[in-house]
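See below for the structure under consideration.
Residue numbers (the numbering used here): 3 to 163.
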C-alpha cells in the first residue's frame, strides 16, 4: 500500500508563508459525503494553519466525482480563484463503473488545470473499500485533503518564484 506508514497531513506551515492571500476554490462531491466532509475539513485545516483568510475561500458542492471537473472549470472560467481543490471519493463496486468514473474525473481535472494554467488539486480517493477511504480522511494515514491542499499552495507558490 502506497500510504502505509505515512501521515498524509504532515507539513510545515512555515514553508507556505506567502500563501495566505491566494483565492482558493474547493469543489466537493456529495457522494460519499461522510468521507468528503472529512477531506474538506483537512483542506480547511491546512489553510487555517498558514493563516489563510476564510473570505478568500469558496466551496462548491457537486453531486458526484464525475462532476468535479465541471465545478473546477466553473471556478477557473469566472477567474475568481488562483487555484482549485477537487475533493471526491469513488469506492470500487462490482462493475466497471468505478474505472470509468475514476478515469473520466482524472482526465477532466487535468484538462481544466492545463487549459486554465491554474493548479487543480487532486483529492480523489479511489479505494477498494470504505475503510481505506476513511483511513485517508483523518484516519490512520492522516488526511488526503490536507495533502492535496498543500500541493495546490505549493504550486501557487512556485508560480510566484
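Quick reminder that beta carbons are idealized off the backbone N, C-alpha and C, glycines included.
None of the values given here were measured: they were computed from a predicted structure.
- In the three-state DSSP reduction, residue 83 falls in the coil class, being neither helix nor strand.
- Rounded to the nearest whole angstrom, the CA to CA distance from residue 152 to residue 11 is 9 angstroms.
- With respect to residue 63, residue 86 sits apart: the two C-beta atoms are not nearer than 8 angstroms.
- In the same chain as residue 73, and ignoring 5 residues on each side of it, the C-beta atoms closer than 6 angstroms to its own belong to 29, 62 and 64, in chain order.
- Only buried fits residue 138, as 16 or more other CB atoms lie within 10 angstroms of its CB.
- Going by beta carbons, residue 135 and residue 89 fall outside the 8 angstroms limit.
- The beta carbon of residue 22 lies closer than 6 angstroms to those of 52, 53 and 54 in the same chain, with the five residues before and after it left out.
- C-alpha of residue 82 to C-alpha of residue 25: approximately 7 angstroms in a straight line.
- In the three-state reduction of the DSSP assignment, residue 52 falls in the coil class, being assigned neither a helical nor a strand state.
- For residue 108, the enclosing alpha helix (DSSP H) has its first and last residue at 99-118.
- A check of alpha carbon separations from residue 49 across 123, 106, 148 and 39 identifies 148 as the nearest.
- Counting only the Cα atoms, residue 111 lies some 14 angstroms from residue 102.
- Residue nearest to residue 118 within the set 108, 40, 80 and 57 is 80 (criterion: CA-CA distance).
- For residue 60, the uninterrupted beta strand (DSSP E) run begins and ends at 59-64, by DSSP.
- Between residue 107 and residue 126, the gap from beta carbon to beta carbon is short of 8 angstroms.
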